[in-house]
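K.L.:
The structure's right below; bear with me while I get my questions together.
Protein chains: 2
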Amino acid sequence: MRLILAAGTTRTAAIDGISAAGAEPSLLAHTPGADAEILAYGRPVRAPVVPVSPSGCPTPAAATRAAREQLGFDLTVIDAGLSKPTAAPTVSVGAAPGGDVREPEPVPAAAAALESARRFGRALPHPEVAIAETIPGGTTTALGVLRALGEDASVSSSLPENPLGLKERVVERGLAASGLEVGEAAGEPARAIRRMGDPVLAVVAGFVSGAVETGTALTLAGGTQMVAVAALVRHGGEESPLALETTSYVAADPAVDLASAAAALDLDVTATDPGFSADHPAAAPYLDGEAKEGVGMGWAMTRAAEADALPAVRDRLATVYDRLVGAAEVADGS
Amino acid sequence: MRLILAAGTTRTAAIDGISAAGAEPSLLAHTPGADAEILAYGRPVRAPVVPVSPSGCPTPAAATRAAREQLGFDLTVIDAGLSKPTAAPTVSVGAAPGGDVREPEPVPAAAAALESARRFGRALPHPEVAIAETIPGGTTTALGVLRALGEDASVSSSLPENPLGLKERVVERGLAASGLEVGEAAGEPARAIRRMGDPVLAVVAGFVSGAVETGTALTLAGGTQMVAVAALVRHGGEESPLALETTSYVAADPAVDLASAAAALDLDVTATDPGFSADHPAAAPYLDGEAKEGVGMGWAMTRAAEADALPAVRDRLATVYDRLVGAAEVADGS
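Order-wise, the sequence lines are chains A and B.
The first sequence begins at 34 in my numbering and counts up by one.
The second sequence begins at 34 in my numbering and counts up by one.
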């Protein structure tokens with residue numbers, strides 16, 4: 034059992050109100066590297082920050098790490114456009130940090146990153162892998178790509194109040210800057226990403242295509258960003274069945290219609306309820322609609338449920354959280 | 034239990050007759066990436082080659098991988114100056130491929146790589162790690178650094194006939210080009226590496242310093258290149274005890290006086306006999322003095338011996354070898 038994590042950045046995250054994946058905007062660029070370190074080592078190592086939302090909700094990486102400590106799955110991190118150094122070992126596929134989606138070409142090297150990640154997906158010898166993402170601002174670029182491809186699906190948010198109106202306006206500006214009509218990049222995944230996406234979408238879509246080509250059993254470990262990946266892969270001509278595993282929080286998001294997306298893109302969708310309760314600060318924010326998914330959390334909870342280990346993983350989350358809080362206090366000097 | 038592998042390159046390897054870490058000179062640059070992939074995945078993934086010596090002896094990575102499959106230790110690869118992409122996840126510490134030791138300054142960024150690796154060593158949360166190397170040509174740069182520091186220790190070779198005379202001449206030319214007398218860089222590890230070393234020496238010496246500073250129990254997993262690392266660390270002022278674990282083949286090398294090096298550098302040396310016999314092509318070349326050590330092999334054999342698992346690891350080596358031969362046949366199209 035191996036989780037591949039594509040970690041990258043887009044300057045789209047810096048748009049005011051777009052992302053909750055950091056306590057403040059200046060720290061967002063550190064979030065993907067910190068998430069990778071939390072999965073790899075159990076706490077940030079080089080990243081100077083523990084990712085929390087502005088309200089204090091810890092990154093979903095904490096939940097995925099808790100599952101990893103309980104279940105013991107392998108991890109491979111792909112540098113899908115990190116802008117800060119990370120202590121997590123990463124595979125390089127030549128991806129660079131993404132620009133603002135309101136620019137004409139936020140991912141100039143989309144085609145090369147797709148192809149390089151596809152080769153890596155083809156070469157990886159594991160019979161079964163899941164692929165996850167961490168990229169602040171990623172649901173906005175996911176929406177951008179869906180619109181460029183002409184797909185109706187909508188996207189979730191790590192904020193309790195999904196700023197969907199803002200995202201739609203940002204995407205409209207992006208389409209205008211790119212000189213694209215809605216649906217004009219249908220059948221052209223590289224063009225959709227180059228004009229409206231982010232480097233993580235390029236790397237994950239490329240990886241999935243390559244892995245599926247060689248018969249790897251592949252699971253998309255995530256929410257609506259992974260729906261955008263599925264759309265990219267389908268528009269690239271891949272017809273093999275694909276599985277998507279996410280949390281019940283994404284499935285319950287009124288902005289999201291997972292059933293329609295599953296039908297439109299031939300996705301086998303599983304949404305797992307982690308069974309969180311309000312009695313712990315690492316879990317309670319999810320009940321209020323924060324975070325919802327990310328860094329493979331839904332897949333990890335599905336694996337835990339299959340192993341009858343959800344209660345143990347919830348207990349472990351408290352341990353991981355205490356460790357992260359301790360690390361944050363050290364980082365603050367408090 | 035975690036093995037850190039520093040993988041890098043030096044153009045010194047291209048000097049005729051210096052290195053056996055590849056079937057032919059044009060393939061040497063792929064060896065460190067292939068070694069990392071063999072440890073991570075069990076076979077080369079992106080590297081277009083299985084590293085073998087000119088006579089067909091497989092890389093010591095095969096033995097370390099066999100131990101890993103049997104004992105299940107963790108792995109972190111540091112990019113210590115790779116010149117080709119690898120599918121193994123790597124931690125970046127800003128190291129670049131090294132130049133020819135006969136140039137005035139083969140490692141211009143030695144000080145920065147030392148410092149960056151030291152920070153990584155300090156940050157890594159594991160209580161106990163071993164560090165190994167893969168860098169074709171690395172014993173010649175190790176000799177260069179030992180001479181620059183004024184240390185008497187000599188170096189081993191992956192060739193049955195150690196071309197020590199050639200290495201001494203290459204190092205003399207390097208010292209002349211660098212404007213250094215023997216011993217002139219004593220107490221200045223960064224200067225010794227910048228003028229006479231390679232990027233792997235910079236990364237390993239920096240990592241060791243940082244790890245030891247924070248109380249990590251550290252083992253140097255290798256032969257005479259790790260003696261050079263110990264010398265660098267001692268010349269940097271570190272006085273904590275250091276362990277070195279290598280193979281009996283290095284200890285038996287008449288060119289090497291491990292006992293004197295251990296005494297001079299306060300090293301606790303363990304040399305383990307893998308118990309290889311002539312009945313398998315993956316093991317037999319070691320009996321003729323080939324390969325000897327590398328990619329953490331001696332440390333891995335020591336761990337196997339401690340676990341009473343040497344016979345199982347030897348059996349596993351045959352399996353790993355068959356897989357590598359299969360991969361080589363695919364690469365050849367044969």
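Virtual Cβ for every residue (Gly too), placed ideally from N, Cα, C.
1) Could you work out which residue in A:36, A:116, A:227, A:341 is closest to residue 160 of chain A when comparing CA atoms only?
2) Going along the chain, which residues of its own chain have a beta-carbon closer than 6 Å to the beta-carbon of residue 92 of chain B, five neighbours each way excluded?
3) Quick one: is residue 156 of chain B near chain A, going by C-beta distance under 7 Å?
4) Using a Cβ cut-off of 8 Å, which residues of the region 68 to 83 of chain B contact any Cβ in chain E, in chain order?
5) Listing by chain order, which chain B residues have their CB less than 9 Å from the CB of residue 116 of chain A?
6) If the cut-off is 9 Å on Cβ atoms, which residues from the region 144 to 177 of chain B count as contacting chain A, listed in chain order?
7) Using the Cβ count rule (16 or more neighbours within 10 Å means buried), how would you classify residue 187 of chain B?
8) Using a Cβ distance threshold of 8 Å, determine whether the region 329 to 337 of chain A contacts the region 96 to 106 of chain A, with at least three qualifying pairs required.
9) Given a cut-off of 7 Å, decide if residue 286 of chain B and residue 189 of chain B are closer than it, judged by their beta-carbon atoms.
10) Could you give the DSSP three-state label for residue 348 of chain B: helix, strand or coil?
11) By the 9 Å beta-carbon criterion, what residues does the region 201 to 222 of chain B contribute toward chain A?
12) As a quick exercise: from A:147, A:148, A:75, A:66, pick the residue whose alpha carbon is nearest that of residue 123 of chain A.
13) My understanding is that residue 172 of chain B touches residue 64 of chain B, with C-beta atoms under 8 Å, so please give their C-beta distance in whole angstroms.
14) Of all the residues that make up the region 119 to 143 of chain A, which are near chain B by a beta-carbon distance shorter than 9 Å?
15) Looking at chain A, which residues of the region 85 to 110 of chain B have a Cβ within less than 7 Å of any of its Cβ atoms?
16) Where does the unbroken beta strand (DSSP E) through residue 35 of chain A begin, and where does it stop?
17) Classify residue 272 of chain B as buried or exposed, calling it buried when 16 or more other Cβ atoms lie within 10 Å of its own Cβ.
18) With residue 125 of chain A as the anchor, note down where its beta strand (DSSP E) starts and where it stops.
19) Quick one: using the 10 Å Cβ neighbour count with 16 as the cut-off for buried, is residue 368 of chain B buried or exposed?
20) Check the DSSP bridge columns for residue 91 of chain B and list the partner residues they point to.
21) Touch check for the region 261 to 281 of chain B and the region 241 to 249 of chain B: three-plus C-beta pairs under 8 Å?
22) Hey, residue 266 of chain B and residue 236 of chain B: beta-carbon distance below 7 Å or not?
23) Is it the case that the region 279 to 299 of chain B contacts the region 342 to 359 of chain B, given that we only count it when at least three CB pairs across the two stretches are under 8 Å?
24) In chain order, what residues of the same chain have a beta carbon less than 6 Å from the beta carbon of residue 318 of chain A, not counting five sequence neighbours either side?
25) Cα separation between residue 324 of chain A and residue 239 of chain B?
26) When you compare only the Cα positions, how much space is there between residue 258 of chain A and residue 357 of chain B?
27) Given a threshold of 16 other Cβ atoms within 10 Å of its Cβ, counted over all protein chains shown, does residue 220 of chain B qualify as buried or as exposed?
28) Nearest to residue 338 of chain B by CA position, among B:306, B:312, B:154, is which residue?
29) What are the boundary residues of the beta strand (DSSP E) that includes residue 304 of chain B?
P.N.:
Reading it off the structure:
1) A:36
2) 68, 84
3) yes
4) The structure shown contains no chain E; its protein chains are A and B.
5) By Cβ distance, chain B contributes nothing, its closest Cβ being about 13 Å from residue 116 of chain A, past 9 Å.
6) 149, 152, 153, 156, 157, 158, 159
7) buried
8) yes
9) yes
10) helix
11) none
12) A:66
13) With a Cβ gap of about 14 Å, residue 172 of chain B and residue 64 of chain B do not count as contacting.
14) 119, 120, 121, 122, 123, 124, 125, 126, 127
15) 109, 110
16) 35 to 40
17) exposed
18) 123 to 125
19) The structure shown has nothing for residue 368 of chain B, since chain B only spans 34 to 367.
20) B:85
21) yes
22) no
23) no
24) 90
25) 38 Å
26) 38 Å
27) exposed
28) B:306
29) 300 to 305
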